[in-house]
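Colleague: In this text, residue positions in the sequence shown follow the numbering used here: the first is 9, and each later residue adds one.
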Amino acid sequence: MSAALDIPTLWAFIIAFAVFVYVVMDGFDLGLGMLFPLFPNKADRDVIMNSVAPVWDGNETWLVLGGGGLMAAFPLAYAVLMPALYTPMIAMLLGLVFRGVAFEFRWRTQRERNRWDVAFAGGSLLATLAQGVALGAILQGVHVEGRHYAGGWWDWLTPFSILTGLALVTGYCLLGATWLVMKTTGSLREAAYRQSWWLVIAMLIALGAVSVATPLLDIEYANRWFAWPNILATAPVPVAVAGVTFLLLRSLARRQDYRPFFLSLALFALAYAGLGISMWPYIVPRSITIWQAAAPANSQAFMLVGVAVLVPIILAYTAWAYWVFRGKVDAESGYH
9 MSAALDIPTL WAFIIAFAVF VYVVMDGFDL GLGMLFPLFP NKADRDVIMN SVAPVWDGNE
69 TWLVLGGGGL MAAFPLAYAV LMPALYTPMI AMLLGLVFRG VAFEFRWRTQ RERNRWDVAF
129 AGGSLLATLA QGVALGAILQ GVHVEGRHYA GGWWDWLTPF SILTGLALVT GYCLLGATWL
189 VMKTTGSLRE AAYRQSWWLV IAMLIALGAV SVATPLLDIE YANRWFAWPN ILATAPVPVA
249 VAGVTFLLLR SLARRQDYRP FFLSLALFAL AYAGLGISMW PYIVPRSITI WQAAAPANSQ
309 AFMLVGVAVL VPIILAYTAW AYWVFRGKVD AESGYH
C-alpha cells in the first residue's frame, strides 16, 4: 500500500517540476515579448530577439511534458480540469502560436515587420494572462460532482483569477527585464535596469495581493498557512521572500548583471513553493487528491522508465544550449 502511495507522489513532483521549469524558462521570453513595445528602436528589438533565439522554442518542451504527464499519470484530474479551463487553455495556445509565428516571420519581411512585432507582443501577453488565469481558476477550486466537471463555461473568470493573471504578467516581465540586464549592453541594458526596479516593486505588490487573497478563498487554505503548528513550517517562506527581495534590489543597485535574473528565479521558486503548500495533497483543490486521480500503479511505474531516460536527456541538452550561447549578445550578429 505504501508503494502505491509513493508512485503518485513521485509523479506529482515530476509534473510539478516540469511545470516549474517551463514557467521559469518560457517565462522570461514571454516577458520579453510583453516588454517589446517599450523598445521602439529596431536595433534594440533585434537584439532582444537574438538574446532568446537559440533557446526559446526548446523551453516549451517542458509544457508538453507537464501536460502529457498530467493526462497519463492523473487522467481523472485531466478529465476534470480541461473542461473547466477550455477557454484559457485555447487562449494560451493561440497566444503561443502567434508568438512563434511572429518570431520567425518578422525576420523575413521588412514591410510587415511592425505587424509581426505587434503579434509577438500580443501573443506573449495573451499566453501569459491565460496561464495566470488558469492558475487562479484551479486554486479557487472547480465544481466537481462524482468524477466529472459540473461547473459552467465561465466559472474560470473571477476577480481572483484576473488577479493571478496580472500577477503572472508582472512576474514574467520581471524575468524578461532581468534577462536583458544579463544578456545585453549599452543603452538597452540601462533601460532594462530601470524597468527591473519598477517591476520588482510591482511583483511584490502582486505577490502580496495574491498571498492575502488566497487564504480568503477557503478556510482550509487559511489553516494550512496560519494554524498551529503549520505556521512553523510555512513562516520561513515569506521570510525567504523578504530576504531574496533585499538581495535582488541590492544586486540591481550594484549593477551586478547576472545576479538579478537568478534572484528573480528564486522569487518564482518561493512563490511556487507557496502554491504547493496551499494545494497539497489535492491535484484538483478541495475535490480530488493525487491518489484519487492517479492512474493504476503499474501504468505509472511503466511510465517512470521513460521519464527516467528522457528527463536527464532534456536537462543535458537544455544546459548545453544555454552554456553554448552564454554571455552578452553581440549587436552585430543576427538570427536568420
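By construction, the Cβ of each residue, glycine as well, lies at the ideal position given by its N, Cα and C atoms.
Since we're looking at a predicted model, the values are computed, not measured.
1. Using a 10 Å radius around the Cβ and a threshold of 16 neighbouring Cβ atoms, would you call A11 buried or exposed?
2. Name the two residues that bound the continuous beta strand (DSSP E) containing V292.
3. If you draw a straight line from the C-alpha of G41 to the C-alpha of I56, how long is it?
4. Does the structure place the region 96 to 113 close enough to the region 324 to 337 that three or more beta carbon pairs sit under 8 Å?
5. What residues in its chain sit with their C-beta under 7 Å from that of I22, if we drop five residues either side in the sequence?
6. According to DSSP, is T297 part of a helix, a strand, or is it coil?
7. F168 and A221 look like a contact to me (Cβ under 8 Å); what is the Cβ gap, rounded to whole Å?
8. Who are the near neighbours of A92 in its chain, counting only those whose CB is closer than 7 Å to its CB and skipping five residues on each side?
9. Thinking just about the alpha-carbon of each residue, which of Q139, G216, F113 is nearest to the one in A127?
10. Have a look at Y343 and F111 and give me their C-alpha separation to the nearest angstrom.
11. How far does the alpha helix (DSSP H) with D52 in it extend, from its first residue to its last?
12. Give me the Cα-Cα distance between A199 and D37, rounded to the nearest whole angstrom.
13. Based on Cα-Cα distance, which residue from G39, P16, D14 lies nearest to F269?
14. What residue range does the alpha helix (DSSP H) around K191 cover?
15. Return the Cβ separation of A301 and L84 in integer angstroms, given the expectation that the two are a contact with Cβ distance under 8 Å.
16. In whole angstroms, give me the CA-to-CA distance for M33 and V319.
17. Near T186, which residues of its chain fall below 6 Å by C-beta distance, leaving aside the five closest residues on each side in sequence?
18. Where do the ends of the alpha helix (DSSP H) carrying F111 lie?
19. Please determine, among M79, Y30, A81, R334, the residue with the shortest C-alpha to C-alpha distance to L71.
20. Where does V88 sit, in a helix, a strand or coil, going by DSSP?
21. How many angstroms separate the CA atom of R27 from the CA atom of G282?
22. Can you tell me whether DSSP reads V337 as helix, strand or coil?
23. Using DSSP bridges, identify the partner residues of H156.
24. Roughly how many angstroms separate the alpha carbons of A305 and E228, rounded to a whole number?
25. Sorted by chain position, which residues of the same chain lie with C-beta nearer than 8 Å to V313's C-beta, five sequence neighbours on each side aside?
26. Quick check on V189: buried or exposed, where buried means 16 or more other Cβ atoms within 10 Å of its Cβ?
27. Quick one, are the C-beta atoms of V247 and L278 less than 7 Å apart?
28. Just to confirm, is the Cβ distance from V172 to L143 under 7 Å?
29. Nearest to F82 by CA position, among T297, A329, G335, is which residue?
30. On the DSSP letters alone, give me the boundaries of the alpha helix (DSSP H) that R267 sits inside.
31. Quick check on A302: does DSSP put it in helix, strand or coil?
32. Check this for me: beta carbons of A250 and V218, under 7 Å apart or not?
Modeller: Based on what the coordinates show:
1. With a pLDDT of 41 at A11, under the threshold of 50, the predicted position of this residue should be treated as unreliable, and no value is reported.
2. 290 to 292
3. 9 Å
4. no
5. G77, V315
6. strand
7. 6 Å
8. A145, V150, Y157, G159, D163, W164
9. F113
10. For Y343, the predicted model reports a pLDDT of 48, less than 50, meaning its position is unreliable; a value from the coordinates is still stated below. Y343 and F111: Cα-Cα distance of roughly 10 Å.
11. 50 to 60
12. 17 Å
13. G39
14. 167 to 191
15. 4 Å
16. 15 Å
17. S204, P268, F269, S272
18. 94 to 113
19. Y30
20. helix
21. It is Val, not Arg, that sits at residue 27 in the sequence shown. Going from the Cα of V27 to the Cα of G282 covers about 15 Å.
22. coil
23. E153
24. 29 Å
25. none
26. buried
27. no
28. Looking at the sequence itself, residue 172 is Thr, so the reference to Val does not match. A contact, by the Cβ cut-off of 7 Å.
29. T297
30. 267 to 287
31. coil
32. no
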